[in-house]
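Residue numbers (this note's numbering), protein chains in the order written: chain R, 162 to 298; chain P, 27 to 136.
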């Protein structure tokens with residue numbers, strides 16, 4: 162049986178922002194020196210990118226709360242993010258990388274390029290996002 | 027994020043960044059680039075030595091600055107990207123339009 166270590170963080174935006182996500186992950190990297198550097202910054206980029214999207218599209222008219230659960234094991238890292246922002250009608254497959262001169266629209270395609278698995282679903286008035294990344298050898 | 031602006035020879039503005047270039051700090055980079063261009067210094071070198079993280083908000087600020095600089099007859103170039111920055115530039119294909127120079131001093135030496 163694979164042993165997983167679980168870390169949890171609650172964000173309330175505002176006043177929290179993506180800097181809290183960086184701080185949360187830094188604590189996890191400090192406790193898990195076996196995670197390769199490239200996997201750390203790939204996963205951190207994907208998670209911050211997702212948190213940015215949640216914040217950007219949720220707090221235009223109100224605040225949003227976000228619960229992040231991270232699981233680490235000897236060979237992969239997983240994240241589950243639940244937020245109470247507006248439910249979105251999102252088909253992840255339809256998001257492709259925009260051209261080089263576009264100033265926006267890279268968030269979802271970049272997340273897909275950075276992690277091995279990225280899923281979205283919603284139920285009970287909550288958005289739920291899951292991503293995972295296996296460590297490179 | 028800290029941003030230090032310095033005008034060097036031949037109207038080149040060097041913006042030296044320190045910290046994370048994300049949705050919190052990206053608007054400030056846009057302002058700094060536009061201020062340089064508005065002041066007539068449309069050749070802008072972004073020194074990324076002190077940037078250990080960039081996301082799509084930061085990329086958007088760089089592309090916004092690139093277009094503003096080119097529209098004014100100049101250019102925006104980047105120097106000394108970290109491994110994380112290089113990865114993000116590659117995955118988004120922005121490395122095709124933003125060539126990375128070894129350091130800010132060499133970005134406009136051609």
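Glycine included, every Cβ here is placed at the ideal spot set by N, Cα and C.
In chain order, what residues of the same chain have a beta carbon less than 6 Å from the beta carbon of residue 190/R, not counting five sequence neighbours either side? 201
Note to self: Spatial neighbours of residue 54/P within its chain, please: C-beta separation below 8 Å, excluding the five flanking residues on both sides.
What the structure shows: 27 and 29
Give the single residue among 228/R, 264/R and 249/R whose Cα lies nearest to the Cα of residue 219/R.
Of the listed residues, the one whose Cα sits closest to residue 219/R is 249/R.
Use the C-beta contact count for residue 136/P: other C-beta atoms within 10 angstroms, 16 or more gives buried, fewer gives exposed. exposed
| message | For the segment 179 to 213 of chain R, list every residue whose C-beta sits within 8 Å of some C-beta in chain P, in sequence order. | response | Shown in chain order are the members of the segment 179 to 213 of chain R whose Cβ falls below 8 Å from a Cβ of chain P: 179, 180, 183, 198, 199, 202, 203, 205, 206, 209, 210 and 213.
Exercise. Is the Cβ of residue 292/R closer than 8 Å to any Cβ of chain P?
Worked result: When Cβ-Cβ separations below 8 Å define contact, residue 292/R makes no contact with chain P.
- For residue 40/P, collect the residues of the same chain with a Cβ closer than 7 Å to its Cβ; drop the 5 residues on either side in sequence, then sort them by chain order. Closer than 7 Å at Cβ, skipping near neighbours: 32, 34, 71, 73 and 130.
Neighbour flag for residue 246/R against chain P, beta carbons, 8 Å: With 8 Å as the cut-off, residue 246/R does not count as an interface residue toward chain P.
CB contact flag (residue 124/P, residue 88/P, <8 Å)
yes
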